[in-house]
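Undergrad: Per mature numbering (1 follows the signal peptide of the UniProt record, and there is no 0): the sequence shown = residues -23 to -1, 1 to 398.
Idealized CB from N, CA, C, for every residue including glycine.
Every value quoted in this text rests on a predicted model; they were computed, and no experiment measured them.
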Amino acid sequence: MKKVMLKASLGVAVALASSQLLASGFALNEQSISSMGTGFAGRSSSAEDASTVFGNPAGMSRLKREQFTVGGAAVIAKTDISGPGSNLGGETDGDMVPVVGVPMGYYVKPIDDHWSVGFGVYVPFGLVTDYGSDDAARYWGKKSHVQVVTFQPTVSYAFNDKVSIGFGPTINRIEGELGSNLINPFTPGRNDGEVKIKGDDTAVGYNIGILVQATDRTRVGLTYHSMVDYKLEGKTRVSTPLIGPFNGNKFDATLKIKTPESVDLSVTHELDDQWTLYAGSTWTRWSRLKDITVQNDVPAPLAGSAFQTITEEQNWHDTWAHAIGASYKVNKEWVLRTGFTVDQAPTNNHDRSPRIPTGDRRIFSLGAGWSPNDDMTIDVAYSYLWEEDVKVNLASATKGSYRAKYENSAHGIGASLTYRF
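Take a look at the structure:
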């Protein structure tokens, strides 16, 4: 039973490695609705509105008026799970991801012909999964809730009308919560115990970008989002169906984890006064997540034992995402957008678990922008995501076996308002 408790404490870390949202790993893409409409192609080169604070801080130099952009996206995920499930029983029901909302807000103010300042609040990483108390996966990961909220003050400088740069430190707040069932050794699958873990931390990173007007109709952007190094500190609470030293107690837990750096290179090309083409590629260094180590402050009798430090292999690999898109300016008021994205999954077949049941994905996007006057623009977007089918095949002396096939898809919808002063 003690061994089961300790393995479950890894859940805070593993929870960070799972997402059914519209980017690979546990990253989110929904920081801009105008970019969402083109499948995030041209994210670092378009600079359509104040959301360029995230997409490319150098793009603030293109915004000649003070403005703010606020909005949000909702992700509606669907998962079909098939297969034998667990040898300890339980349902193999899908849809373990509830509807998730992703808010965002940005402000940009030009100071003169060279300098601009801005500020952004957005969610770069996050997930919610909830299998329920009777699901076959409950011993491997019953519930997870993790989010990172980022605050980014930003400055940009335009050397001339061709080249600009931008930089912003990021203040990142991470919070995580996990619940997992513990097996009752006398009646496996019934009257289970439970482990609940919470942790949080605040850490600093940065975003930096450059934007080049290569020709009269072509812009090239490059953005670097830094790695952020977290040390989550929290509590592990254990409730077991047996009387023992762990039942009902709380223990201090510490987890170190790094969210990966990424590089986005994109091109925006205006074919004519109506058509604009976008293309972009993003590299993410997920290989930083080779293993996860959790330190537990266990009672003195167990000090120095395997209960104090646990390492679990992850062996994620670096990924590429590629996107193409286009927009069509119908008239002064309306612009229509579309895009297509291919996005690799960082996981591997050997280490995949119910917390990370994702594969390579494809995303098709549509969007529109409506400007009833020169001061205001309302953007809307829709995305449909579908993944390759993946399988999970796990076995443990303390959690039984779990085998299942996952078929994942998701709908994303978003809207934002930009107002210029």
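(1) Jot down the residue ranges of each uninterrupted beta strand (DSSP E) in the segment 190 to 254, minimum 3 residues, whole runs only, in chain order.
(2) I'd like the span of the beta strand (DSSP E) that includes Y116, first residue to last.
(3) Tell me, please, which residues DSSP counts as bridged to M353.
(4) Tell me the DSSP secondary structure of W293 in three-state form.
(5) Have a look at S373, R332 and F341 and flag the residue whose alpha-carbon is nearest the alpha-carbon of K119.
(6) Less than 6 Å between C-beta atoms, sequence neighbours within five positions excluded: which residues of the same chain meet that for I185?
(7) What is the DSSP secondary structure of G156, counted as helix, strand or coil?
(8) On the CB-based measure, 16 or more other CB atoms within 10 Å of its CB, does L40 come out buried or exposed?
(9) Confirm, please, whether the CB-CB distance from S264 to D295 is below 7 Å.
(10) Can you tell which of A114, R397, A256 and K233 has the C-alpha that lies nearest to the C-alpha of D177?
(11) Taking the beta carbon of W252 as the centre, do at least 16 other beta carbons fall within 10 Å, making it buried, or is it exposed?
(12) Looking only at its own chain, which residues have a Cβ that is under 6 Å from the Cβ of Y255, when we skip the five neighbours before and after it?
(13) Along the alpha helix (DSSP H) that carries M13, what are the first and last residues, could you check?
(14) Buried or exposed for R42, going by 16 or more other Cβ atoms inside 10 Å?
(15) Give the straight-line distance between the Cα atoms of S216 and D352, rounded to the nearest whole angstrom.
(16) Can you say whether R194 is buried or exposed, counting buried as having 16 or more other CB atoms within 10 angstroms of its CB?
(17) Does any C-beta atom of chain C lie closer than 7 Å to the C-beta of T200?
(18) Taking the straight line between their C-alpha atoms, what separation do you get for Y383 and G316?
(19) Whether or not the segment 7 to 14 and the segment 387 to 397 are in contact is what I'm after, with contact meaning three or more pairs of Cβ atoms, one per stretch, closer than 8 Å; do they touch?
(20) Distance, Cα to Cα, D328 vs S59?
(21) Looking only at C-alpha atoms, which of V30, T106 and S304 sits nearest to Y83?
(22) Determine the direct distance from the alpha carbon of A374 to that of T34, and round the result to whole angstroms.
(23) For S258, which of helix, strand or coil comes out of DSSP?
(24) At which residue ranges does the segment 51 to 90 contain complete beta strand (DSSP E) runs of 3 or more residues, listed in the order of the chain?
(25) For D229, count neighbouring C-beta atoms within 10 Å of its own C-beta (all shown protein chains included) and say buried if the count is 16 or more, exposed if not.
(26) Determine, using beta carbons only, whether S239 and S21 come nearer to each other than 7 Å.
(27) Quick check on residue 418: does DSSP put it in helix, strand or coil?
(28) Would G344 pass as a contact of A322 if the rule is Cβ separation under 7 Å?
(29) Starting from F307, follow the alpha helix (DSSP H) in both directions and report where the run begins and ends.
(30) I want to know whether the segment 120 to 140 touches the segment 151 to 160 - three or more CB-CB distances under 8 Å.
(31) Would you decide whether P61 is buried or exposed? Buried here means 16 or more other CB atoms lie within 10 Å of its CB.
(32) Use the C-beta contact count for W293: other C-beta atoms within 10 angstroms, 16 or more gives buried, fewer gives exposed.
(33) So does the segment 297 to 314 actually touch the segment 85 to 96, counting three or more Cβ pairs closer than 8 Å?
(34) Smallest Cα separation from Y134: which of K86, T147, I174 and G170?
(35) Please say whether V140 and V197 have beta carbons closer to each other than 7 Å?
TA: Taking the structure as given:
(1) For the segment 190 to 254, whole beta strand (DSSP E) runs of length 3 or above, ordered along the chain, are 195 to 202, 205 to 216, 227 to 236 and 239 to 247.
(2) It is not in any beta strand (DSSP E) - Y116 instead sits in the alpha helix (DSSP H) that spans R115 to G118.
(3) By DSSP's assignment, M353 forms a beta bridge with N350 and Y396.
(4) Coil, per DSSP.
(5) In this structure, R332 is the residue among S373, R332 and F341 with its C-alpha nearest to the C-alpha of K119.
(6) F144 and Y201, listed in sequence order.
(7) DSSP, reduced to helix, strand and coil, places G156 within a strand of the structure shown.
(8) It counts as buried.
(9) Cβ distance < 7 Å, so D295 and S264 count as in contact.
(10) D177 has its Cα closest to that of K233, out of A114, R397, A256 and K233.
(11) With fewer than 16 other Cβ atoms within 10 Å, it is exposed.
(12) Closer than 6 Å at Cβ, skipping near neighbours: T15, A18, G19, T245 and G302.
(13) Counting along the chain, M13 sits inside the alpha helix (DSSP H) bounded by residues I10 to M13.
(14) Counting every other CB atom within 10 Å of its CB across the protein chains shown gives R42 a total below 16, marking it as exposed.
(15) Looking at the two C-alpha atoms, the distance is approximately 57 Å.
(16) Result: exposed.
(17) Given the protein chain composition of this structure (a single chain), no chain C is represented.
(18) Approximately 26 Å between the Cα atoms of the pair.
(19) The segment 387 to 397, when compared against the segment 7 to 14, does touch it at the 8 Å Cβ threshold.
(20) Their Cα atoms are separated by approximately 19 Å.
(21) Considering only alpha carbons, the answer is V30.
(22) Note on residue identity: the sequence assigns Pro, not Thr, to residue 34. Cα to Cα, the separation comes out at about 51 Å.
(23) Note: S258 maps to strand in three-state DSSP.
(24) Listed in chain order, the complete beta strand (DSSP E) runs (minimum 3 residues) inside the segment 51 to 90 are 77 to 87.
(25) By the Cβ-count criterion, D229 is exposed, with fewer than 16 other Cβ atoms from all chains shown falling within 10 Å of its own Cβ.
(26) Not closer than 7 Å, so no.
(27) Past the edges of the chain, shown from -23 to 398, lies residue 418, and the structure says nothing about it.
(28) For the 7 Å CB-CB criterion, G344 and A322 do not form a contact.
(29) For the sequence presented, residue 307 should be read as Val rather than Phe. Neither: V307 is in no alpha helix (DSSP H) and is coded neither H nor E.
(30) Contact holds between the segment 120 to 140 and the segment 151 to 160, because three or more Cβ pairs, one in each stretch, are under 8 Å apart.
(31) Classified as exposed, P61 has fewer than 16 neighbouring CB atoms from the shown chains inside 10 Å of its CB.
(32) Classification of W293: buried, given that the 10 Å Cβ count is 16 or more.
(33) Counting Cβ pairs under 8 Å, fewer than three are found: no touch.
(34) Comparing Cα-Cα distances from Y134 to each of K86, T147, I174 and G170, the minimum goes to K86.
(35) Contact flag unset, no.
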